[in-house]
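Take the sequence shown: its letter number 198 is residue 244 in this note's numbering, and every next letter is one higher.
Notes follow the structure.
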Amino acid sequence: MIKKLESGKIHMTLIDPATSGPDGSAIIAEQAEKAGTDYILIGGSTHLSSKEMDEATQKIKSRCNIPVIIFPGSSSMFTIHADAIFFMSLLNSADREFIIDHQKKASIIVKKSRVESIPMAYLVFAPGMTVGKVGKAMLIGPEQYTDAMEYAVTAELFGMRIIYLEAGSGATYPISMEMISKVKGQVKIPIIVGGGIRSPEAAKNAAVSGADIIVTGTVAEKSENVAATLRPIIDSIKNVK
Ligand code: 1GP
Numbered sequence: 047m048i049k050k051l052e053s054g055k056i057h058m059t060l061i062d063p064a065t066s067g068p069d070g071s072a073i074i075a076e077q078a079e080k081a082g083t084d085y086i087l088i089g090g091s092t093h094l095s096s097k098e099m100d101e102a103t104q105k106i107k108s109r110c111n112i113p114v115i116i117f118p119g120s121s122s123m124f125t126i127h128a129d130a131i132f133f134m135s136l137l138n139s140a141d142r143e144f145i146i147d148h149q150k151k152a153s154i155i156v157k158k159s160r161v162e163s164i165p166m167a168y169l170v171f172a173p174g175m176t177v178g179k180v181g182k183a184m185l186i187g188p189e190q191y192t193d194a195m196e197y198a199v200t201a202e203l204f205g206m207r208i209i210y211l212e213a214g215s216g217a218t219y220p221i222s223m224e225m226i227s228k229v230k231g232q233v234k235i236p237i238i239v240g241g242g243i244r245s246p247e248a249a250k251n252a253a254v255s256g257a258d259i260i261v262t263g264t265v266a267e268k269s270e271n272v273a274a275t276l277r278p279i280i281d282s283i284k285n286v287k
């Protein structure tokens, strides 16, 4: 992924099997790959068992060839069929469960598996949506630049490899360009931005501001023609240097 970033911005398609079901997830993944997405993220904040994760991931893998990364909402959301997992900590949660306890519970299983673990800081911004509530996030507001920058630098000092700036799936507004560029200015590690990105313009704004990776989820889940919906969004970030 780091190598891939040297040649340009990355697009990831988030698929939540709790919303789309295993077969629906596989169809979205196939269409997203056709549209040029680079990775599939599987997961979300609704709890899924490892059996459900196994089934959805296997179905996705049978229909597309790009890597599948687990985006877990709890310790059970792991499957050996994925290529990698964002081993993530919700740094601005008020509940230690989302900062360290789920991770501790899953740690040995993840380490013993062949699934690559990518240490990631996860920061949830307003409006936060479901993940803000479920993860008991102390939401970072639109003007709280210093807090965001401090969290980001903390993540880098901890040795985390990537930082995810999240507005929440289905957010009414995405994270502002100013917020992204301020955070980006503080760290060398890649920044992922997601939540509320539904148009090529919004995706491009995030990329221009310094997002290295753009995630979209809802826009594909709600689309009748996933490839046609995603293609202009993906194209809009691929030309940004
Ligand atoms: C949520 O950032 C992702 O975790 C994607 O958000 O569903 O709003 O695209 P959307």
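All C-beta atoms, glycine included, are put in the ideal place defined by N, C-alpha and C.
Straight through space, the alpha carbons of Asn251 and Met47 are spaced by roughly 22 angstroms. In this structure Ser227 touches Gly256 by the C-beta definition: roughly 5 angstroms separates them, less than 8 angstroms. Note on geometry: alpha-carbon atoms of Thr65 and Phe171 lie some 22 angstroms from one another. Close to the ligand 1GP, as judged by a C-beta nearer than 6 angstroms to any of its heavy atoms, are the residues Leu60, Glu212, Ser215, Gly216, Ala217, Gly240, Gly241, Gly242, Ile243, Val261, Thr262, Gly263, Thr264 and Val265, in chain order. Contact annotation: the region 143-153 does not touch the region 206-214, with fewer than three C-beta pairs closer than 8 angstroms. Approximately 5 angstroms separates the beta-carbon atoms of Ala213 and Gly242; this is inside 8 angstroms, confirming the contact. Burial is judged here by how many other beta carbons sit within 10 angstroms of a residue's own beta carbon; Ile131 has at least 16 and is buried.
The residues Ser122, in chain order, have a CB closer than 6 angstroms to that of Ser95 in the same chain once the five nearest residues on each side in sequence are set aside.
In this chain, the alpha helix (DSSP H) harbouring Pro63 covers Pro63 to Ala81. Burial state of Asn111 is exposed, judged by a 10 Å Cβ sphere holding fewer than 16 other Cβ atoms. If you draw a 10 Å sphere on the C-beta of Thr218, you find fewer than 16 other C-beta atoms in it, and that means exposed. For Glu52, no beta strand (DSSP E) run applies; the uninterrupted alpha helix (DSSP H) run containing it begins and ends at Ile48 to Glu52, by DSSP. Considering only Asp258, Ala266 and Lys284, the residue with the shortest C-alpha distance to Ala72 is Ala266.
Membership of Ser135 in the beta strand (DSSP E) is indicated by the continuous run Ala130 to Leu136. In this structure, DSSP gives Val233 a state outside helix and strand, which the three-state scheme calls coil. Listed in chain order, the non-local C-beta contacts of Asp193 below 6 angstroms within the same chain comprise Ile186, local neighbours out to five positions each way being set aside. The Cβ atoms of Phe133 and Leu87 lie no closer than 8 angstroms to each other.
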